[in-house]
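Worksheet: one structure, shown below.
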Amino acid sequence: MGPKTIRVFHLSVAALAILATPALAYSLKFNTPGASDDLRNTIKGASLLVQSADDDSKDAQDVLSEARADYNRIVSALFAEGRYSGTVSIKLDGREAATIPPLDAPSTVNNVTVTVTPGPEFTFSRADIAPVAPKTDLPEGYKVGAVAKSGVIVDAASAATTGWRDAGHAKAEVSYQNIVADHRANQLASDVRLAPGPLVTFGRLETSGNKRLRTKRLREIAGFPTGEVYDPKKLDQVQSRLQRTGIFSSVAITEAKTLNPDDSLDVNLAVVEQKKRKIGLGAELSSSDGLGLNGYWLHRNLFGGGERFRVDAGISGIGGATGGTDYSIGARIDRPATFNPETSAYITTEISQKNEEDYTENAFDIGFGLTRIFNDKLTGDVSINYGWSKVTDDSGQTYFRQVYLPTKLTWDDRDNKLDPTKGYFIQAGVTPFVGIGGDTGTGAQVTGDLRAYRGFGQNDRFVLAGRVQLGGVYGSDLEETPRDYLFYSGGGGTVRGQPYQSLGVEVLDGGTLKTGGTEFVGFQGEARIGITDKIGAVAFYDYGYIAGGGDSGSQAGAGLGLRYKTGIGPIRLDVGFPVSGGTGSGAQLYIGIGQAF
5 MGPKTIRVFH LSVAALAILA TPALAYSLKF NTPGASDDLR NTIKGASLLV QSADDDSKDA
65 QDVLSEARAD YNRIVSALFA EGRYSGTVSI KLDGREAATI PPLDAPSTVN NVTVTVTPGP
125 EFTFSRADIA PVAPKTDLPE GYKVGAVAKS GVIVDAASAA TTGWRDAGHA KAEVSYQNIV
185 ADHRANQLAS DVRLAPGPLV TFGRLETSGN KRLRTKRLRE IAGFPTGEVY DPKKLDQVQS
245 RLQRTGIFSS VAITEAKTLN PDDSLDVNLA VVEQKKRKIG LGAELSSSDG LGLNGYWLHR
305 NLFGGGERFR VDAGISGIGG ATGGTDYSIG ARIDRPATFN PETSAYITTE ISQKNEEDYT
365 ENAFDIGFGL TRIFNDKLTG DVSINYGWSK VTDDSGQTYF RQVYLPTKLT WDDRDNKLDP
425 TKGYFIQAGV TPFVGIGGDT GTGAQVTGDL RAYRGFGQND RFVLAGRVQL GGVYGSDLEE
485 TPRDYLFYSG GGGTVRGQPY QSLGVEVLDG GTLKTGGTEF VGFQGEARIG ITDKIGAVAF
545 YDYGYIAGGG DSGSQAGAGL GLRYKTGIGP IRLDVGFPVS GGTGSGAQLY IGIGQAF
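The sequence shown begins at 5 in my numbering and counts up one residue at a time.
Here is the structure:
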């Protein structure tokens, strides 16, 4: 018992000595004879000693630990580049780190020398993998004669396994692999075999974590495809349906480790519900439009079936150079998984007052609609609404009452909705309306919004962005068309550098009446340049054309802007100047969150 006690005591003293070792700084030399600049950078990027070379808080034990870890890290980096004959030497004050016991670290380290000889590049002498499911997309680099990078072998095995899973074989796996390096010929032979396993169907869905949401509704929203052939994309759809409700802070889907006797696969769904209520605030500032404030109050899972109830209120035009202050308050309730898992139903209503330069309007609106998610890029929306408004302008008071059917399709494959660098956004809408009294006509408004983005350079530091807006009103005379369906130009959403809604049309109606047009074409173009990781600059040019009632006009604006990236999108500051058109009144300032489009 005594000798054991002595040994434990000595180990403890050694450990205490290691912990008491003072911080130190050391000189690091990194040699890579025969390596290109790119390969040298790759090797250095794998080294912990390089990554923490400037950390003065490290002690000798830390340096030894990093050095011992670097052997495997650097060798793995060499394998990833197809180098299988490389040598790695890491010396601490002349001693090879691999020969120093972990509990016998030196008290100080003054010099660290890393020498990596990459060796020759190996090529594949054999690149076999079987069996492979139909439509499997193997990496191009996995072939005889190509550089034998270890990552390519891993990617090939992963792609082959994924191919079988996509074909319904949920438990496909690598059953055998034989990888042999021939150092005399600088070649690598790779042979990978897979076991696809049986064709699998979806079994039971086990749920947990829902407290306020009823389990029946959780299953309806999830739309789990029990009995259908296994497809991992269907599990992604289940997760997406649940996440877009906004009810959950976490959605986790786990497949059972083993199949049922009938080759069905059970799945466990675990959710974590968000807090029931949320409040949000926003603001936007324009030198011509003034200050705009908006806020909302949100209640998640209102009746226990996943319903979202939201109340929005907004004030705009505070201190604006034209018009007056506008007010609005509205409410909306959404119910997911109505009729089917991909369709949501909603009821919406709003009361508003607009005090524009050419008219004032008091309005009320109520409607019922459906939103359908066709896939992760295509969405459709249709509703039936009743609208009432009273418009006061130079011609007197006009009352509009109509039933209308706004319908739109949206295609959105942008990589980031708040700060896109690539992709397209296309939205087409048509709103038939029928006058049911007052001064309202019958017709339809048609709109189009097309946006495109293209990034260039490292990390897409330079982005070209363009937007085209189209609009028209058909079947209804100008005077019989509700103001919300007419088009104006000017302001942050159309032409920066021109005052908000400064361009419409003028018609003779016992005098000259200014109003919106029945035709609109708008263009916005931006060149976005990343100066740092957080700060960017923008140059823009905007153009708008309005026609209707025999009158037409156009305007243009251009300017510069700054962007500061945050977690909720870039903060936007734009300064626009009038380029053409008679509505300009000097520089216009715009501040907001998110890109202009």
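Quick reminder that beta carbons are idealized off the backbone N, C-alpha and C, glycines included.
Computed from a predicted structure; not experimentally measured.
Take the alpha-carbon of arginine 245 and the one of leucine 512: they are about 53 Å apart.
Aspartate 58 counts as exposed, since fewer than 16 other beta carbons sit within 10 angstroms of its beta carbon. Linking phenylalanine 404 to alanine 226 through their CA atoms gives a straight-line distance of about 42 Å. A distance below 7 Å between beta-carbons, with the five flanking residues on each side excluded, links threonine 121 to the following residues of its chain, in chain order: Pro37, Gly38, Gly90, Thr91. Rounded to whole angstroms, asparagine 366 and arginine 216 show a C-alpha spacing of 39 Å.
Annotated as proximal: valine 233 and leucine 203, with beta-carbon spacing under 8 Å. If the five residues before and after glycine 123 are omitted, its C-beta is found closer than 6 Å to the C-beta atoms of Arg87, Ser89, Gly90, all from its own chain and listed in chain order. For leucine 285, DSSP records a beta bridge to Gly299. A direct Cα-Cα distance of roughly 56 Å separates lysine 280 from alanine 102. Contact between the stretch 462-473 and the stretch 376-395 is absent: fewer than 3 CB-CB pairs across the two stretches fall below 8 Å. Between leucine 409 and threonine 444, the gap from beta carbon to beta carbon reaches 8 Å or more. According to the DSSP assignment, phenylalanine 581 belongs to the beta strand (DSSP E) that extends over 575-584. Counting only the Cα atoms, threonine 536 lies some 40 Å from glutamate 360.
In the DSSP assignment, phenylalanine 378 falls outside any alpha helix (DSSP H) and carries neither an H nor an E. Going by beta carbons, serine 290 and leucine 593 fall inside the 8 Å limit. Contact between threonine 117 and lysine 33 holds, with the beta-carbon distance rounding to 5 Å and staying under 8 Å. Secondary structure of arginine 248 (DSSP, three-state): coil. For the pair of segments examined, the stretch 70-81 was found not to touch the stretch 140-150: the number of CB pairs separated by less than 8 Å stays below three. Straight-line spacing of the CA atoms in isoleucine 47 and threonine 375 works out to 52 Å. If you look at glutamate 361, you'll find it isn't in any alpha helix (DSSP H); DSSP assigns it neither H nor E. Taking all protein chains in view, the Cβ of phenylalanine 307 is surrounded by fewer than 16 other Cβ atoms within 10 Å, so the residue is classified as exposed. Beta-bridge partners of asparagine 35 (DSSP): Thr119.
When only Cα atoms are considered, proline 424 and arginine 418 end up about 6 Å apart.
Nearest in C-alpha terms to valine 136, of all of Gly598, Gly201, Pro105, is Gly201.
In this structure, Gly526 is the residue among Leu517, Asn45, Gly526 with its C-alpha nearest to the C-alpha of threonine 451.
In the three-state reduction of the DSSP assignment, valine 79 falls in the helix class, which pools H, G and I.
By the beta-carbon neighbour count (other beta carbons within 10 angstroms, threshold 16), histidine 187 is exposed. In this structure, DSSP gives leucine 273 an extended state, which the three-state scheme calls strand. Straight-line spacing of the CA atoms in phenylalanine 601 and asparagine 420 works out to 12 Å.
The C-alpha of glutamate 85 is placed about 45 Å away from the C-alpha of aspartate 266. Between the stretch 304-322 and the stretch 332-340, the count of Cβ pairs shorter than 8 Å is three or higher; the stretches touch. With respect to the 8 Å criterion, glutamate 530 and valine 542 are classified as neighbours on the basis of their beta carbons. In chain order, Thr117, Val118, Thr119, Val120 place their CB closer than 8 Å to the CB of asparagine 35, counting only its own chain and leaving out the 5 sequence neighbours on each side. Excluding its 5 nearest sequence neighbours in each direction, tyrosine 331 has C-beta neighbours in its own chain below 7 Å: Ile319, Ser356, Gln357, listed in chain order. Between serine 584 and glycine 548, the C-beta spacing is not below 8 Å. Around the CB of glycine 586, fewer than 16 other CB atoms lie within 10 Å, so the residue is classed as exposed.
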